[in-house]
Amino acid sequence: MAQKRDYYEVLGVDQKADDEALKKAYRKLALDNHPDRNPGNAEAEKRFKEAAEAYAVLGDAEKRKRYDQFGHAGLEGPQGGGQGFQSAEDVFAAFGEMFGGGGGGFFEQFFGGRRGRGRRGASLKVDLELTLEEVATGVKRTIEIKRPVPCEKCGGNGCKAGSKPSKCKTCAGHGRVVRQQGFFQVQQACPTCEGAGQRIDDPCTACKGRGAVPQTVPLHLTIPAGVESGHTERIAGQGEPGDGGGPAGDLVVVLHVKEHDVFTRYGDDLLMQSRITFRQAVSGDEIEIPTITGEAVTMQIPAGTQPGEKLRVRNHGLPRGDGYGRGNLVVQVQVDVPKKVTEEQAELLRKFDELDGRKGRKNGKKTIFEKVKDIFS
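Residue numbers (this note's numbering): 688 to 1064.
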């Protein structure tokens, strides 16, 4: 399998290029190599697709960060989104989105759009809330979205039974009109039929000539483990249907992770609080702590642990974004100081103070208890 070229090399920019420089470089390459400007030139079409794929990654801040860190390997898997365009239609769809296409956009004005291809459907956006437990394991969800679907009564053509669309008189059924701009002739979508090339004179009563009716449909999603709040999943073809046989738009799912009662997220690591006794802090102990997956693990408390000290339990955080291993569970220790003690307990503490004070004087130093006493005396 041929090795992919570096995306920065494809666009002819360096790694420090800003968004405007990336866009400018891509625009030039796309104009020079557009298939409508280079009919029958397979190499030009290849360069056009290669440039579109490079910009799709470098023009997205999250994908660019992964690419800069891991190269092409960082774009593989469910979160990568960099496995290339699967068809020529994908390229032109992304192309139109980047530069305002889909109906009189920049490149459609110059090249007249893709012949024989209707207008792309609008994309839909939904917000999906996840728990931290679901993030830790990945989850399958079924959501319901309301979107237009082809009208059953007219079969999606928008015409009343027994009638057919008529040819648009403005464009003579071509879907495009030509107008003069200075020395140039520019093709654009017909303003009367919006590029369809035909008109509906006797519309369907069910869909009012739109060819589609709103319907709530279930959609099954697989959310990978380790995603962060704000992460988006784009599902191709699950948006609104296109006009005139055009492709459907996409569904964009924006993920939001709920705050957890016990764990706080820091990247791939999780932070939690745990309370221990004065004895455990002084002499050390083993305690059980919960993890995000529900199991309990044993953690060693070293002798002399200080209040607020953070102890690390490796590989019990969240799955890493690159798919290798997990983050850590960080436990911040809080030492419980009893509000009331018995006389026997108080006597033992005084004895402890005396012994600790004796040890301090042997070393020629004051104990912490003596230092505190000096401050308030």
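Backbone N, C-alpha and C fix where the C-beta goes; we use that ideal spot for every residue, glycine too.
Everything numeric in this text was worked out from a predicted model, so none of it was measured.
- Comparing alpha carbon positions, the residue from A848, C846 and R921 closest to L815 is R921.
- DSSP places Q987 inside the beta strand (DSSP E), whose first and last residues are A983 to I988.
- Annotation for D1023: the continuous beta strand (DSSP E) segment containing it runs L1016 to D1023.
- Within the same chain, Cβ atoms closer than 8 Å to the Cβ of E973 are found at T985, M986, Q987 and I988, the five residues on either side in sequence being excluded.
- If you draw a 10 Å sphere on the C-beta of E1041, you find fewer than 16 other C-beta atoms in it, and that means exposed.
- Cβ atoms of R897 and G845 come within 8 Å of each other, at about 6 Å.
- Judged by DSSP in its simplified three-state form, S970 adopts helix.
- Counting only residues of its own chain and dropping the five nearest sequence neighbours on each side, R734 has a CB closer than 6 Å to the CB of N720.
- In the DSSP assignment, the residues bridged to Q960 are Q1019.
- Rounded to the nearest whole angstrom, the C-alpha separation of K840 and A848 is 8 Å.
- With contacts defined as CB atoms closer than 8 Å, C838 and V900 qualify as a contacting pair.
- Nearest C-alpha to R1001 among L716, D956 and G926: D956.
- Counting only runs of at least 4 residues, the segment 691-743 fully encloses the following alpha helix (DSSP H) elements, listed from N- to C-terminal order: 694-698 and 706-720.
- Here DSSP, grouped into helix, strand and coil, assigns L1005 to coil.
- Put simply, of Q875, K854, G917 and E732 the residue whose alpha carbon is nearest the alpha carbon of V813 is G917.
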